[in-house]
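Worksheet: the structure to be examined is printed underneath.
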Amino acid sequence: MQNTNKRRTMMGLVVSNKMDKTVVVKVERKFIHPKFKKVVKSSQKFSAHDEKNECTPGDFICISETRPLSKTKRWRLMEIVKKGEEADKAS
113 MQNTNKRRTM MGLVVSNKMD KTVVVKVERK FIHPKFKKVV KSSQKFSAHD EKNECTPGDF
173 ICISETRPLS KTKRWRLMEI VKKGEEADKA S
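Counting in our numbering, the sequence shown runs from 113 upward without gaps.
Here it is in structure tokens:
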């Protein structure tokens, strides 16, 4: 039996880090509406596990699908792609 890694990854913006070891990530996607042929933007929020509490609001991060960690957490922080400007202003 072959074990292949089919876990999804997404890139998004950190909206909140007020919970312990958890961040809320907003992921935006664009698609063409099937009937009106117009580009539509939609967004979704995901709770992701941040083991070291290193994310701050405004960071652009990569998250990966994982086993259920709590009632709402099914994603894990993989890497911080870009630190946000809001983080620089606070410190």
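All C-beta atoms in this analysis are idealised placements derived from N, C-alpha and C, irrespective of residue type, glycine included.
Residue span of the beta strand (DSSP E) that contains residue i, given as start and end
i: lysine 195; result: No beta strand (DSSP E) holds lysine 195; DSSP gives it neither H nor E.
Cut-off 7 Å between Cβ atoms - residues of its own chain near residue i, not counting five sequence neighbours on either side
i: glutamate 163; result: Lys133
i: cysteine 167; result: Val126, Asn129, Val135, Ile173, Leu189, Ile192
i: lysine 138; result: Gly124, Leu125, Val127, Ser155, Lys157
i: lysine 195; result: Asp171
i: proline 169; result: Val126, Val127, Ser128, Asn129, Gly196, Glu198
Backbone CA spacing between residue i and residue j [nearest angstrom]
i: arginine 119; j: tryptophan 187; result: 10 Å
i: glycine 124; j: lysine 185; result: 15 Å
i: glutamine 114; j: glutamate 177; result: 19 Å
i: lysine 150; j: leucine 181; result: 38 Å
i: phenylalanine 148; j: glutamate 140; result: 20 Å
i: threonine 121; j: lysine 183; result: 20 Å
i: isoleucine 175; j: serine 159; result: 10 Å
8 Å Cβ shell around residue i - same chain, five flanking residues per side excluded
i: valine 152; result: Lys142, Phe143, Ile144, His145
i: asparagine 165; result: Asn129, Asp132, Lys133
Beta bridge counterpart(s) of residue i as assigned by DSSP
i: serine 182; result: The partner list for serine 182 (beta bridge, DSSP) is empty, contrary to what the question assumes.
i: threonine 121; result: Ser176
Problem - Continuous beta strand (DSSP E) assignments of at least 3 residues falling wholly in the stretch 123-171 - result: 134-144, 151-161
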